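Residue numbers (this note's numbering), protein chains in the order written: chain Z, 1 to 289; chain F, 290 to 717; chain Y, 718 to 887. Backbone N, C-alpha and C define an ideal beta-carbon position, used for all residues, glycine too. Only a predicted model underlies this, so the values are computations on that prediction, with no experimental measurement involved. I have placed the structure first, in the form of structure tokens, so that the comments after it can refer back to it.
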Amino acid sequence: MLERLDNLSFKIFLIIFILGISNVSYSAENKAEFIENNWSFKGVFGTFDRASLQRGYQVYQEVCSGCHSVQHLSYRNLSEKGGPEFSPEEAKAIAAQFEVTDGPNEDGEMFTRPGRLSDKFVSPFPNAKAAAAANGGAYPPDMSVLVKARKGGADYIYSLLMGYEEAPAGYELDDGVYYNKYMSGNKIKMAEPISDGIVEYIDGTETTKAQISKDVTTFLVWAGDPHLEERHRMGFKVFFFLFILLTLVYLSKQKVWSRFGSKNEEEEVFDKAERAVSKYEGEDPDTFR
Amino acid sequence: MSEEKYVPKTKLAEWFDSRLPLLSLSHHLKSYPTPKNLNYWWTFGGILTFCLITQIVTGIILAMHYVAHTDYAFASIEHIMRDVNYGWLMRYVHSNGASMFFLAVYIHIFRGLYFGSYKAPREMIWIIGLVIYLLMMATAFMGYVLPWGQMSFWGATVITNLFSAIPFIGESVTNWLWGGFSVDNPTLNRFYSLHYLFPFLIFGLVILHVWSLHIPGNNNPIGIDVKKGSNETMPFHPYMVMKDLLALLTFLLLFFGFVFFLPDFLGHPDNYIPADPLITPAHIVPEWYLLPFYAILRAIPSKLGGVIFMFASIFVLVGLPWLDSSKVRSATFRPLYRKFFWVLVVTVILLGYLGAKPPEGIYLLLARVATAYYFIHFLILLPLLGRYEKTDPLPMSISDPVLDKPGVMDKFKEMAGKYEGENVGTFR
Amino acid sequence: MTKEIKGKRRDFLYTATYTIGAVGLGAAIWPLVDQMNPDSSVKALSTTEVDISSVERGKTITVLWRGKPIFIRRRTKQEIDEAAAVDLKDLKDPEKDSDRTKNPEWLVMIGVCTHLGCVPLDNKGEYNAWFCPCHGSHYDTSGRIRKGPAPTNLEIPKYEFVDSNTIKIG
Numbered sequence: 001m002l003e004r005l006d007n008l009s010f011k012i013f014l015i016i017f018i019l020g021i022s023n024v025s026y027s028a029e030n031k032a033e034f035i036e037n038n039w040s041f042k043g044v045f046g047t048f049d050r051a052s053l054q055r056g057y058q059v060y061q062e063v064c065s066g067c068h069s070v071q072h073l074s075y076r077n078l079s080e081k082g083g084p085e086f087s088p089e090e091a092k093a094i095a096a097q098f099e100v101t102d103g104p105n106e107d108g109e110m111f112t113r114p115g116r117l118s119d120k121f122v123s124p125f126p127n128a129k130a131a132a133a134a135n136g137g138a139y140p141p142d143m144s145v146l147v148k149a150r151k152g153g154a155d156y157i158y159s160l161l162m163g164y165e166e167a168p169a170g171y172e173l174d175d176g177v178y179y180n181k182y183m184s185g186n187k188i189k190m191a192e193p194i195s196d197g198i199v200e201y202i203d204g205t206e207t208t209k210a211q212i213s214k215d216v217t218t219f220l221v222w223a224g225d226p227h228l229e230e231r232h233r234m235g236f237k238v239f240f241f242l243f244i245l246l247t248l249v250y251l252s253k254q255k256v257w258s259r260f261g262s263k264n265e266e267e268e269v270f271d272k273a274e275r276a277v278s279k280y281e282g283e284d285p286d287t288f289r
Numbered sequence: 290m291s292e293e294k295y296v297p298k299t300k301l302a303e304w305f306d307s308r309l310p311l312l313s314l315s316h317h318l319k320s321y322p323t324p325k326n327l328n329y330w331w332t333f334g335g336i337l338t339f340c341l342i343t344q345i346v347t348g349i350i351l352a353m354h355y356v357a358h359t360d361y362a363f364a365s366i367e368h369i370m371r372d373v374n375y376g377w378l379m380r381y382v383h384s385n386g387a388s389m390f391f392l393a394v395y396i397h398i399f400r401g402l403y404f405g406s407y408k409a410p411r412e413m414i415w416i417i418g419l420v421i422y423l424l425m426m427a428t429a430f431m432g433y434v435l436p437w438g439q440m441s442f443w444g445a446t447v448i449t450n451l452f453s454a455i456p457f458i459g460e461s462v463t464n465w466l467w468g469g470f471s472v473d474n475p476t477l478n479r480f481y482s483l484h485y486l487f488p489f490l491i492f493g494l495v496i497l498h499v500w501s502l503h504i505p506g507n508n509n510p511i512g513i514d515v516k517k518g519s520n521e522t523m524p525f526h527p528y529m530v531m532k533d534l535l536a537l538l539t540f541l542l543l544f545f546g547f548v549f550f551l552p553d554f555l556g557h558p559d560n561y562i563p564a565d566p567l568i569t570p571a572h573i574v575p576e577w578y579l580l581p582f583y584a585i586l587r588a589i590p591s592k593l594g595g596v597i598f599m600f601a602s603i604f605v606l607v608g609l610p611w612l613d614s615s616k617v618r619s620a621t622f623r624p625l626y627r628k629f630f631w632v633l634v635v636t637v638i639l640l641g642y643l644g645a646k647p648p649e650g651i652y653l654l655l656a657r658v659a660t661a662y663y664f665i666h667f668l669i670l671l672p673l674l675g676r677y678e679k680t681d682p683l684p685m686s687i688s689d690p691v692l693d694k695p696g697v698m699d700k701f702k703e704m705a706g707k708y709e710g711e712n713v714g715t716f717r
Numbered sequence: 718m719t720k721e722i723k724g725k726r727r728d729f730l731y732t733a734t735y736t737i738g739a740v741g742l743g744a745a746i747w748p749l750v751d752q753m754n755p756d757s758s759v760k761a762l763s764t765t766e767v768d769i770s771s772v773e774r775g776k777t778i779t780v781l782w783r784g785k786p787i788f789i790r791r792r793t794k795q796e797i798d799e800a801a802a803v804d805l806k807d808l809k810d811p812e813k814d815s816d817r818t819k820n821p822e823w824l825v826m827i828g829v830c831t832h833l834g835c836v837p838l839d840n841k842g843e844y845n846a847w848f849c850p851c852h853g854s855h856y857d858t859s860g861r862i863r864k865g866p867a868p869t870n871l872e873i874p875k876y877e878f879v880d881s882n883t884i885k886i887g
């Protein structure tokens with residue numbers, strides 16, 4: 001019995017360990033622990049907070065978009081299900097605020113026109129080199145999948161936005177480099193982007209640094225994973241279905257196998273063995289066990 | 290229940306089957322006799338077939354939308370994830386499917402190791418299986434390059450550079466592999482082409498794998514030959530089909546748990562950063578299923594040596610049927626081998642863990658010890674065990690433990706406990 | 718008796734398992750099929766705006782919409798009259814010219830032959846309008862099929878005049 005338990009737990013341990021390895025191996029070589037938030041999109045049933053996404057878009061637009069692109073996002077996404085869900089008219093109006101380069105026209109020249117829903121988000125710089133040149137040599141990364149591209153995901157982004165501090169005494173910083181508790185190496189070339197009241201929300205939500213950071217983080221999570229809600233919903237359905245099918249298949253399997261003799265095979269083996277043993281020693285099988 | 294020959298029921302069936310014996314084949318697959326004591330560790334063959342088909346189907350679909358060009362590869366993946374109908378589902382099933390495929394194949398391999406499934410007359414099954422495993426690793430590696438993220442690029446760079454360790458012609462070989470002087474567009478294109486090709490080679494080899502299995506028939510947890518004509522076997526359908534299905538559905542719970550709720554857990558965040566040939570990520574880590582080999586590679590303090598040992602760690606398995614000279618197949622009756630088997634399992638897992646750690650200090654030391662043990666296990670321990678290990682007496686058949694001889698009473702008690710331990714718990 | 722009941726219950730169990738399994742398989746196949754349908758970025762490109770201020774009378778411009786050529790022709794008075802004068806009885810696919818245009822001066826249609834998808838040529842054929850070189854279909858000045866294998870008239874896309882110089886297709 002002990003060996004059996006030992007063996008089983010060993011096997012389970014094996015599987016968990018293998019799966020656990022990736023996590024262990026990829027976890028950061030620890031700096032500060034990220035600030036954990038109770039995000040609405042976390043967990044099996046997680047969904048986005050629409051109002052927060054809409055505010056987050058505003059923060060992106062007013063604060064981040066000067067340097068950071070989100071080139072994989074289109075204006076139409078703003079009105080799609082599972083996102084900020086602006087009305088189609090609102091999304092159209094947002095798109096029309098931007099000058100999109102199009103062409104060439106009949107004369108072979110590029111021209112600009114107001115943005116349409118089908119357009120991708122307009123990038124602040126024509127290419128990565130231009131972006132780096134305008135930002136002291138540091139390329140402000142595209143934000144489309146930024147949350148997925150960082151260990152810690154949403155918590156990391158939020159922590160980074162909240163992690164600007166005075167450098168400790170004696171800590172040397174070059175010009176244009178800032179101290180951030182959560183940045184790898186603690187040096188960051190982006191000046192603190194978010195501060196109290198840097199945007200003004202029309203829905204009257206308070207504009208503290210924490211609230212603004214939360215909203216823009218939520219927006220970035222959605223930007224990187226626009227099908228999150230659909231994925232969670234479908235996952236729930238799939239599991240519901242799997243449990244039903246699993247039950248049915250389990251019962252069917254038991255039925256099918258019961259055809260192969262009324263008794264479970266192991267019982268049969270033991271019965272046989274017990275009969276043989278009692279014949280051999282003249283003992284009662286029950287005392288043997 | 291022995292296998293009956295297929296007898297056509299209609300004239301049409303007879304006409305067809307005498308020209309192309311597909312009906313005979315399907316009859317054979319249904320009635321193929323399997324030992325009745327197979328436990329759930331034997332269901333991973335079916336699970337692996339499912340994994341392969343899933344990877345091929347989702348892969349063909351992804352190929353309809355993917356663009357194999359350094360300028361567009363990353364964007365085309367994002368296009369799949371965002372715009373293509375159910376594209377995110379296809380891609381997450383494919384990327385997590387690779388991990389699930391390897392999880393299943395490792396269980397399958399270790400099952401073979403434990404129960405001695407590689408021993409005569411099943412050497413061909415084992416060797417074909419190893420070829421499949423090698424192709425799987427190549428396929429997975431090339432697939433990981435396709436999204437053209439940072440890990441794709443640098444993983445490709447590091448792995449292809451392994452070949453530069455070959456004396457004299459190393460550089461020519463790497464340039465040939467790359468189609469240039471570094472990993473670039475030509476490399477991406479050929480990896481894409483081969484990534485598409487290899488699964489079909491694997492598929493062909495799987496057919497050979499199963500074919501070579503159906504000649505001697507399945508091994509079983511007791512490891513002794515079953516009498517095919519006896520009541521010790523049951524037809525594959527419906528008994529094993531139902532059991533495999535039950536195991537597959539349980540496996541799917543894990544699979545879909547990752548796909549729907551932790552889709553990026555097994556991947557590396559750096560692969561969501563587009564490839565940049567100017568910046569190497571701080572830690573280059575292969576996917577988890579390749580980590581043990583990565584650890585062996587780095588444990589050897591010479592470039593060529595590391596590469597040789599890494600490949601040797603796989604090729605040593607080819608010789609396994611001859612290195613393990615014990616006549617007894619199942620570890621159930623090999624008390625010493627059983628202990629060493631678990632030491633090997635722990636060693637491989639340890640190597641996997643170390644493969645993800647920087648190769649320095651205690652990690653490097655441990656990796657060297659583990660690498661050494663890995664080779665000692667196969668090259669020294671197994672041949673010696675075959676000679677000196679005192680194995681437990683084997684039962685007469687898979688359903689009748691040896692009993693009717695004087696003096697075996699104690700043995701039976703021990704075996705009964707063991708039999709229960711190995712089987713009953715997992716069987717139900 | 719009990720055996721019978723048992724047998725029925727067993728049958729029910731298997732039927733239920735098969736049915737649920739088949740439903741699951743069907744549901745799993747749908748994404749595999751649907752992924753080939755136009756994706757959301759393609760669907761979003763459904764409108765395009767065309768500046769027609771520089772088109773002269775008797776000239777056709779061709780623009781691309783949803784990957785297909787769109788003919789925008791500024792018709793001459795003669796062409797309009799010809800198109801309007803045709804007796805509907807003579808037509809294979811009877812349609813009034815006035816039903817095919819929003820403004821008789823402008824004919825907007827999808828430039829794809831309704832036979833097998835080739836692009837018809839301008840100012841050609843028996844009606845000096847459109848002629849498909851692939852299999853010899855002749856269209857009149859209203860883009861209606863008059864002769865040849867094509868079954869229907871050239872299709873009219875959804876469009877509107879945004880202002881007097883701009884047409885929005887889609």
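Sequence-distant residues of the same chain with beta carbon closer than 7 Å to residue i, five excluded per side
{"i": "Tyr561 (chain F)", "result": "Gly438"}
{"i": "Arg618 (chain F)", "result": "Phe404, Gly405, Lys408, Asn508 and Gly512"}
{"i": "Phe667 (chain F)", "result": "Val605, Leu609 and Leu612"}
{"i": "Thr636 (chain F)", "result": "Ala659, Tyr662 and Tyr663"}
Cut-off 6 Å between Cβ atoms - residues of its own chain near residue i, not counting five sequence neighbours on either side
{"i": "Ile369 (chain F)", "result": "His354, Gly376 and Arg380"}
{"i": "Val59 (chain Z)", "result": "Val199, Ile212, Asp215 and Val216"}
{"i": "Glu229 (chain Z)", "result": "Thr47 and Gly82"}
{"i": "Ile194 (chain Z)", "result": "Leu161, Lys209, Ile212 and Ser213"}
{"i": "Gly401 (chain F)", "result": "Tyr407"}
{"i": "Ala800 (chain Y)", "result": "Asp814, Thr858 and Ser859"}
Sub-8 Å separation of residue i and residue j beta-carbons
{"i": "Ala132 (chain Z)", "j": "Tyr139 (chain Z)", "result": "yes"}
{"i": "Met742 (chain F)", "j": "His484 (chain F)", "result": "Lying before the first or after the last residue shown, residue 742 (chain F) is absent from chain F, which here runs from 290 to 717."}
{"i": "Thr732 (chain Y)", "j": "Leu248 (chain Z)", "result": "no"}
{"i": "Pro322 (chain F)", "j": "Arg411 (chain F)", "result": "no"}
{"i": "Val772 (chain Y)", "j": "Ile884 (chain Y)", "result": "no"}
{"i": "Pro570 (chain F)", "j": "Met440 (chain F)", "result": "yes"}
{"i": "Phe452 (chain F)", "j": "Leu466 (chain F)", "result": "yes"}
{"i": "Ser859 (chain Y)", "j": "Asp814 (chain Y)", "result": "yes"}
{"i": "Leu555 (chain F)", "j": "Trp577 (chain F)", "result": "yes"}
{"i": "Ile414 (chain F)", "j": "His498 (chain F)", "result": "yes"}
Classification of residue i by the beta-carbon crowding that lies within 10 angstroms, buried from 16 upward
{"i": "Pro524 (chain F)", "result": "buried"}
{"i": "Asn326 (chain F)", "result": "buried"}
{"i": "Glu109 (chain Z)", "result": "exposed"}
{"i": "Leu392 (chain F)", "result": "buried"}
{"i": "Trp39 (chain Z)", "result": "buried"}
{"i": "Trp747 (chain Y)", "result": "exposed"}
Contacting residues, own chain, Cβ-Cβ under 8 Å from residue i (five flanking each side not counted)
{"i": "Ser388 (chain F)", "result": "Phe547, Leu555, Glu576, Trp577 and Tyr578"}
{"i": "Gly444 (chain F)", "result": "Phe430, Tyr433, Val434, Ile573 and Pro575"}
{"i": "Leu173 (chain Z)", "result": "Ala167, Tyr179 and Lys187"}
**Item:** Secondary structure, alpha helix (DSSP H): runs of 4+ residues fully inside the region 73 to 145 of chain Z
**Value:** List check, alpha helix (DSSP H) in window: 88 to 96 and 128 to 134.
**Asked** Which runs of the beta strand (DSSP E) fall wholly inside the region 599 to 677 of chain F and span at least 3 residues, in chain order?
**Response** None, since the region 599 to 677 of chain F contains no complete beta strand (DSSP E) of that length.
**Cβ pair count under 8 Å reaching 3, the region 405 to 413 of chain F against the region 782 to 790 of chain Y** = Contact between the region 405 to 413 of chain F and the region 782 to 790 of chain Y is absent: fewer than three C-beta pairs spanning the two stretches fall below 8 Å.
**Asked** Is it a yes or a no for the region 80 to 98 of chain Z touching the region 770 to 782 of chain Y, going by three-plus beta-carbon pairs under 8 Å?
**Response** At 8 Å Cβ cutoff, the stretches do not touch.
**Request:** Could you tell me whether the region 663 to 683 of chain F touches the region 611 to 630 of chain F, where touching means 3 or more Cβ pairs closer than 8 Å?
**Result:** Yes, the region 663 to 683 of chain F is in contact with the region 611 to 630 of chain F.
**Ordered list of alpha helix (DSSP H) runs contained in the region 518 to 598 of chain F, each at least 4 residues** = Segments of the alpha helix (DSSP H) lying fully in the region 518 to 598 of chain F: 530 to 550 and 580 to 588.
**Asked** Counting Cβ pairs closer than 8 Å, one from the region 65 to 77 of chain Z and one from the region 117 to 137 of chain Z, do we hit at least three?
**Response** The region 65 to 77 of chain Z is in contact with the region 117 to 137 of chain Z.
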